[in-house]
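Peer 1: One structure, as structure tokens, below. Some questions next.
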Amino acid sequence: MAQTQKMFVFVGSYAESASSGVYTYEFDEKESTLRLLDQTSDLKNPTFLNVDVENRHIYAIGETETENGKAGEVMMIHFSEEGTLTRFNRAVTTPNTTCHVQRDSNNRFLIVSSYHGGMVGLVSLKPNGHIGDLLDVQTHEPIDGAAPHVHSAFFSPDEKFLLVQDLGLDLIRTYSIDQEAGKLVPQGDTRTAKGAGPRHLAFHPGGRFAFVINELNSTIASYRYNAEDGSLSEIEVVPTLPSDYTGENGCSEIAVSADGRFVYGANRGHDSIVVYAFDESGEKLTLVQHISTEGGHPRHFALTPSGDHLLAANRDANNIVVFAVDKESGRLTSTGNTVSVSKPVCVRPYYV
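Position 98 of the sequence shown, counted from 1, bears residue number 102 in the working numbering, the numbering being contiguous throughout.
Written as structure tokens, this is what we have:
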């Protein structure tokens, strides 16, 4: 039963390499509390994590210096049954810093995204999970004077395609992977509104819909997904902010409940989570709630595997706040529980 399983929460943060940057917590679902198990250093700004639960590997991005300047790197970290972290191997990836890492289900590839480099990189994984070579880099070219800023890459449900969010060019570029050649193959673009700034994407569990959170104009766009060619068709765009809010804001993360009935997005500035209900038959989003994240700049959040909780990582408040989820209404309620951690920007809960 899920209630008897142990849940670990892995956290990445902004940190100097001499300081702790990756953490393991144990989450008690009954008490809604987090308990620190271990932490590790030797990575500069390990701001995003990908977790291979089956093999107990964490892939953490970081920044490094090469003779040509700043570059991206990935470190593979092993976690034990007790949550202890052991650094294994690392490799330089793209010739600029990275902000996101993804992995295919067959553990053949990592996909890294470089915001400042405007590029997406394909990295091989060895059979033992160690990081291999940089196989390919696709650098997006400027469009109409706009500079590319690749923020994330997500596999389609069947992993035939990779959907890459370019915040700078206001587009989502679809790629396929030529696995034998080790190449990323562009398939087409989906344009967003000018100035929208697409940042992250989440698929509906049924695979027919995708939702993109736009950082710069504080909206969520819903799309129909065509599994044949990896293209997206826009359905509607809804605001992430209350109509009476006039302050600055930038969106960050987006997630969909396991049953597909609710979509969650994070506001930095308004410092809140917005909740929408999704009617699959009507293809319609309806506002449910705005709730404070109880801290500044919620850079990331995650629903727990059971769907009973949401964990919000507030970078500027140096905390992770635990919310209870009403699975019938989608509404969030603060549990009053929080844990202090320096500049958290990625939170990954898993049953282990």
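Backbone N, C-alpha and C fix where the C-beta goes; we use that ideal spot for every residue, glycine too.
Name the two residues that bound the continuous beta strand (DSSP E) containing Tyr63.
Peer 2: Along the sequence shown, one-based indexing puts residue 63 at 59. Start and end: His61 to Thr70.
Peer 1: Can you name, in chain order, every residue of its own chain whose Cβ lies under 7 Å from the Cβ of Leu47, other than the five neighbours on each side?
Peer 2: The count along the sequence shown starts at 1 and reaches residue 47 at position 43. Hits under 7 Å: Ser21, Gly25, Val26, Ala64, Gly66 and Met79.
Peer 1: Distance, Cα to Cα, Val124 vs Phe14?
Peer 2: The sequence position of residue 124 within the sequence shown is 120, counting from 1. The sequence position of residue 14 within the sequence shown is 10, counting from 1. Cα to Cα, the separation comes out at about 24 Å.
Peer 1: Check whether the region 242-250 and the region 218-229 are in contact - that is, three or more C-beta pairs closer than 8 Å.
Peer 2: Cβ pair count under 8 Å is three or more, so yes.
Peer 1: With distance defined between alpha-carbon atoms, name the residue in His61, Ser45, Ser23 and Pro50 nearest to Phe12.
Peer 2: Position 8 of the sequence shown, counted from the start, is the residue given in the question as residue 12. Closest by alpha carbon: His61.
Peer 1: Specify whether the region 228-237 and the region 176-195 touch according to this definition: at least 3 beta carbon pairs, one from each stretch, less than 8 Å apart.
Peer 2: Result yes; three or more Cβ-Cβ pairs closer than 8 Å.
Peer 1: For Thr290, name the three-state secondary structure that DSSP assigns.
Peer 2: Within the sequence shown, residue 290 is the residue found at index 286, counting from 1. Three-state DSSP puts Thr290 in a strand.
Peer 1: State the Cα-Cα distance for the pair His134 and Asp56, rounded to the nearest angstrom.
Peer 2: Within the sequence shown, the letter at position 130 stands for residue 134. Within the sequence shown, the letter at position 52 stands for residue 56. Cα to Cα, the separation comes out at about 12 Å.
Peer 1: Verify whether the separation of the beta carbon atoms of Thr28 and Thr88 is less than 9 Å.
Peer 2: Within the sequence shown, residue 28 is the residue found at index 24, counting from 1. Within the sequence shown, residue 88 is the residue found at index 84, counting from 1. Yes, they are a contact pair.
Peer 1: Taking the alpha-carbon of Pro161 as reference, which of Gly199, Thr143, Asp170 and Ser109 has the nearest alpha-carbon?
Peer 2: In the sequence shown, the residue the question calls residue 161 occupies position 157. With distances taken between Cα atoms, Pro161 lies closest to Ser109.
Peer 1: Restricting to Cα atoms, I'd like to know which of Ser285, Gly311, Thr308 and Asn322 is closest to Lys302.
Peer 2: Residue 302 sits at position 298 when you count from the first residue of the sequence shown. Reading off the sequence, residue 302 comes out as Pro, not Lys. Selected option, being the one with the closest Cα: Asn322.
Peer 1: According to the Cβ coordinates, are Ala270 and Ala316 closer than 9 Å?
Peer 2: Here residue 270 corresponds to residue number 266 of the sequence shown, with the count starting at 1. Here residue 316 corresponds to residue number 312 of the sequence shown, with the count starting at 1. Against a cut-off of 9 Å, the Cβ pair of Ala316 and Ala270 comes out as a contact.
Peer 1: On a Cα-Cα basis, can you pick out the residue from Gly299, Asp330 and Leu336 that is closest to Thr342?
Peer 2: Translated into the one-based positions of the sequence shown, residue 342 becomes position 338. That would be Gly299, whose Cα lies nearest to the Cα of Thr342.
Peer 1: Going by DSSP, what residue range makes up the beta strand (DSSP E) through Gln43?
Peer 2: Here residue 43 refers to the residue found at position 39 of the sequence shown. Looking at the DSSP string, the run of the beta strand (DSSP E) that includes Gln43 is Thr37 to Thr44.
Peer 1: Would you mind reading off the limits of the beta strand (DSSP E) that contains Phe207?
Peer 2: The residue given as residue 207 occupies position 203 in the sequence shown. Phe207 -> beta strand (DSSP E) spans Pro202 to Phe207.
Peer 1: Within a Cβ cutoff of 6 Å, which residues of the same chain sit near Asp182, ignoring the five residues on either side of it in sequence?
Peer 2: Looking up residue 182 in the sequence shown gives position 178. Cβ neighbours of Asp182 beyond the five flanking positions: Val189.
Peer 1: Just reading off the beta strand (DSSP E) that Arg272 is part of, what are its end residues?
Peer 2: Numbered from 1 along the sequence shown, position 268 holds the residue referred to as residue 272. Run containing Arg272: Phe266 to Arg272, per the beta strand (DSSP E) assignment.
Peer 1: Please state the DSSP three-state secondary structure of Thr97.
Peer 2: What you label residue 97 is simply residue 93 of the sequence shown in a count that begins at 1. Coil at Thr97, not helix or strand.
Peer 1: Looking only at its chain, what residues have a beta carbon closer than 6 Å to the beta carbon of Pro99, apart from the 5 residues adjacent to it on each side?
Peer 2: Stepping through the sequence shown from its first residue, residue 99 is reached at position 95. The residues are Ala75.
Peer 1: Assuming Lys347 contacts Tyr18 under a Cβ cut-off of 8 Å, what Cβ separation, rounded to an integer in Å, is found between them?
Peer 2: To locate residue 347, count along the sequence shown from 1; it is residue 343. To locate residue 18, count along the sequence shown from 1; it is residue 14. Between Tyr18 and Lys347 the Cβ distance is about 4 Å, and since that is below 8 Å, they are a contact.
Peer 1: DSSP beta-bridge partners for Phe282?
Peer 2: Here residue 282 refers to the residue found at position 278 of the sequence shown. Leu289.
Peer 1: Do Phe159 and Leu171 have their C-beta atoms within less than 9 Å of each other?
Peer 2: Mapped onto the sequence shown, residue 159 falls at position 155. Mapped onto the sequence shown, residue 171 falls at position 167. Contact flag unset, no.
Peer 1: Expressed to the nearest angstrom, what Euclidean distance is found between the alpha-carbon atoms of Glu86 and Ile324?
Peer 2: Along the sequence shown, one-based indexing puts residue 86 at 82. Along the sequence shown, one-based indexing puts residue 324 at 320. Each residue's alpha carbon lies about 21 Å from the other.
Peer 1: Tell me the rounded alpha-carbon separation between Phe31 and Thr337.
Peer 2: Numbered from its first residue, the sequence shown carries residue 31 at position 27. Numbered from its first residue, the sequence shown carries residue 337 at position 333. Taking the straight line from one Cα to the other gives about 17 Å.
Peer 1: Please report the straight-line C-alpha distance between Glu284 and Arg265, rounded to a whole angstrom.
Peer 2: Along the sequence shown, read from residue 1 onward, the residue named residue 284 stands at position 280. Along the sequence shown, read from residue 1 onward, the residue named residue 265 stands at position 261. When rounded, the distance between both Cα atoms is 8 Å.
Peer 1: Determine the direct distance from the alpha carbon of Ala306 to that of Glu33, and round the result to whole angstroms.
Peer 2: Here residue 33 corresponds to residue number 29 of the sequence shown, with the count starting at 1. Here residue 306 corresponds to residue number 302 of the sequence shown, with the count starting at 1. Distance between the alpha carbons of Glu33 and Ala306 is about 14 Å.
Peer 1: Taking DSSP's pairing of strands, which residues face Asn54 in a bridge?
Peer 2: The residue given as residue 54 occupies position 50 in the sequence shown. Beta-bridge pairing links Asn54 to Tyr63.
Peer 1: How close, in whole Å, do the beta carbons of His313 and Ser36 come, if the pair is a contact with beta carbons under 8 Å?
Peer 2: As a first step, residue 313 must be located in the sequence shown, where it is residue number 309. As a first step, residue 36 must be located in the sequence shown, where it is residue number 32. Yes, His313 and Ser36 are in contact; Cβ-Cβ is about 6 Å, under 8 Å.
Peer 1: Whose C-beta lies closer than 6 Å to the C-beta of Ser180 among residues of the same chain, with five residues either side of it excluded?
Peer 2: On the sequence shown, position 176 is the one that residue 180 refers to. Counting only Cβ-Cβ distances below 6 Å, and skipping sequence neighbours, we find Phe165, Val189 and Gln191.
Peer 1: Does DSSP classify Thr339 as helix, strand or coil?
Peer 2: Taking the first residue of the sequence shown as 1, we reach residue 339 at position 335. Strand at Thr339.
Peer 1: Where does Thr70 land, buried or exposed, given buried means 16+ other C-beta within 10 angstroms?
Peer 2: Along the sequence shown, one-based indexing puts residue 70 at 66. Answer is exposed; the Cβ neighbour count stays below 16.
Peer 1: Taking all protein chains shown into account, do 16 or more other C-beta atoms lie within 10 angstroms of the C-beta of Gly340, making it buried, or fewer, making it exposed?
Peer 2: Your numbering for residue 340 matches position 336 in the sequence shown. Exposed, because fewer than 16 other Cβ atoms sit within 10 Å of the Cβ of Gly340.
Peer 1: Check the DSSP bridge columns for Pro353 and list the partner residues they point to.
Peer 2: Position 349 of the sequence shown, counting from 1, holds the residue named residue 353. The partner list for Pro353 (beta bridge, DSSP) reads Val13.
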